[in-house]
C-alpha cells in the first residue's frame, strides 16, 4: 500500500500564523513582522519579541518536512499514551479546544501529528503545553523574565507567577531559559523518534518501582530531526548581569519574589535575549511514573541549546 | 560529551545525588512531592545511596563537583550548601544529617 492510500487528507491550515493565539488586526501604529500595523500594546509586544527572535535568534519559519507515514505508524502506547485514531483525535480537539487553547496549534499540524498531540493532551503530559508553537515568543520571553507560566490560563494568576499545571497555586519556576519547537509536525516527530531512541527506551522500559523514576535523558536535536532540525527551535535566555547568567538568575528570582510579596523590586527589570542558535543542542526528556499502569512515561520534552551556551562562561 | 554529570561520571562523586535531584527538581518538572516519596522509600537502594550522598555533601559541600548541582537543578537558594540544607530539611525533617 502506498502512502497516498493510507494517509488522511491533510487539513492543515497552511496559512495559519506561527503563533495561533495572535490575531493581529491592521490598525495604526507599529508594523508587525508580517507587515501588519499594531495598535494594541500586547500585540506590539508580541510582534517585537517575534521580530527580535527572527533577527537575533536567527529563527527561520521554514516548514518541517514531515514524514506522515512515519507518524501514522507510531504506536502511541510505546510512549505510554492512550491509543487514539485520527478521527477520535479530531473529535477530542474539537471538544476541548475552548478549555485547552494550546490545542489550537494542531491546526497547523498534519493529521498524523494531530493524533499524537491529542493523545499527549489526553494523557495529561505537558511537553506540548509549554514547548510548542502555541507558546508565543513574547510568552516565552516573559516566562524567563517574570516567571509567568504560559500554561496558566488565568491572566491574573499568570501575572502572579502561579503555575498553570501544578496543584494548589504553587509558584511557577523557570530556569534561566525557556524554549519551544515552532512547528507542530517537527514537535510530534521529535517526540515519536525520541520515544524510540535507545536511551529513552531504556528509561521507559525500566522495571517499574513505585516512588522511583529514571534519570533525565538528553538526545541531540540532529539525531531526532536531522542536521537542520535546530532551525525549528527558539528560546529566550536571561541577559547576563555583570557578565554572569548566575547573577542574572538570582537577581531575576529576587525581583519576582519581591514583587509578589509586596516589597519594592529593584528598578531594573530582568531582561532576556533570544537564544542565538540551537545547532548542536539537545532535546531533554523528563520522565514520570504512572502508578496505575505501573510504567514510566515522558512527562515533558524541551529543546536546549548547545552546552557552551547553557553553562556559565 | 554528554552535558549530564552522571553520564560523564557514572562512578563520580555524588552522581546519584545530582541525578536524582535533577530528575525531580529540574525547573521543567519541579516535583518535590514525588521526591519526598522517593526519599522515604528506604527499601530502594538508590534512595539509600541518595541519602548517604546528601549527608556526605552536607558534611563538606566543597567536595561537590564545582557548578554541577546548580547547572542541573537551577535551585533558588543561592549556594550548593543552602540548597542541600533546605533539601535535607524538606525530605528528612529534623533528623540529624
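Chains as they are written, first to last, in our numbering: chain G, 1 to 313; chain V, 1001 to 1097.
Yeah, the Cβ is synthetic: ideal placement off N, Cα and C, and Gly gets one too.
Under a three-way DSSP split, which group does residue i fall into?
i              : result
residue 299/G  : strand
residue 304/G  : strand
residue 236/G  : strand
residue 200/G  : helix
residue 171/G  : strand
residue 284/G  : strand
residue 98/G   : coil
residue 1097/V : coil
residue 244/G  : strand
residue 108/G  : helix
residue 275/G  : coil
Using a Cβ cut-off of 8 Å, pull out every chain G residue sitting near residue i, in sequence order please.
i              : result
residue 1027/V : 173, 174 and 175
residue 1046/V : 212
residue 1093/V : Correct list: empty, because the minimum Cβ distance to chain G is about 18 Å.
Between which residues of its own chain and residue i is the CB-CB distance below 8 Å, once the five residues before and five after are set aside?
i             : result
residue 259/G : 265
residue 241/G : 247, 248 and 251
residue 216/G : 284, 285, 286 and 287
Would residue i pass as a contact of residue j if the rule is Cβ separation under 7 Å?
i              : j              : result
residue 1029/V : residue 105/G  : no
residue 172/G  : residue 141/G  : no
residue 211/G  : residue 1038/V : yes
residue 165/G  : residue 175/G  : no
residue 1031/V : residue 253/G  : no
residue 281/G  : residue 306/G  : yes
residue 179/G  : residue 57/G   : no
residue 181/G  : residue 218/G  : no
residue 324/G  : residue 190/G  : In this structure chain G extends from 1 to 313, so residue 324/G is not present and cannot be described.
residue 103/G  : residue 93/G   : yes
residue 1060/V : residue 1069/V : no
Give the interface partners of residue i over in chain V, defined as CB-CB distance under 7 Å, in chain order.
i             : result
residue 202/G : By Cβ distance, chain V contributes nothing, its closest Cβ being about 12 Å from residue 202/G, past 7 Å.
residue 250/G : 1078
Within the same chain, show all residues whose beta-carbon is closer than 6 Å to that of residue i, passing over the 5 residues directly before and after it, in chain order.
i              : result
residue 64/G   : 183, 185, 186 and 232
residue 169/G  : 162
residue 45/G   : 138
residue 60/G   : 231
residue 1087/V : none
residue 1053/V : 1014, 1016 and 1017
According to the neighbour-count rule (16 or more other Cβ atoms, all chains shown, within 10 Å of its Cβ), is residue i buried or exposed?
i              : result
residue 1089/V : exposed
residue 327/G  : With chain G running from 1 to 313 in the structure shown, residue 327/G is simply not present.
residue 195/G  : buried
residue 114/G  : buried
residue 1017/V : buried
residue 1045/V : exposed
residue 153/G  : exposed
residue 1094/V : exposed
residue 229/G  : buried
residue 127/G  : buried
residue 136/G  : buried
residue 73/G   : exposed
residue 192/G  : buried
Which chain G residues sit within Cβ distance under 7 Å of residue i?
i             : result
residue 952/V : Here chain V covers residues 1001 to 1097 and nothing more, so residue 952/V does not appear.
Report the neighbours of residue i on chain V: residues whose CB is nearer than 8 Å to its CB, in chain order.
i             : result
residue 299/G : 1029
residue 253/G : 1076
Any beta-carbon of chain B closer than 7 Å to the one on residue i?
i             : result
residue 188/G : Absent here is chain B; the protein component of the structure consists of chains G and V.
Is the closest heavy atom of the ligand NAD to the C-beta of residue i under 6 Å?
i             : result
residue 293/G : The ligand NAD is absent from the structure shown, which contains no ligand whatsoever.
If I measure Cβ to Cβ from residue i and keep anything under 7 Å in the same chain, skipping five residues before and after, which residues do I get?
i             : result
residue 295/G : 80 and 208
residue 238/G : 144, 176, 245, 248, 249, 252, 270 and 272
residue 83/G  : 76 and 77
What residues of chain V sit near residue i, judged by a beta carbon separation below 9 Å?
i             : result
residue 215/G : 1004, 1006, 1007, 1019, 1020, 1022 and 1023
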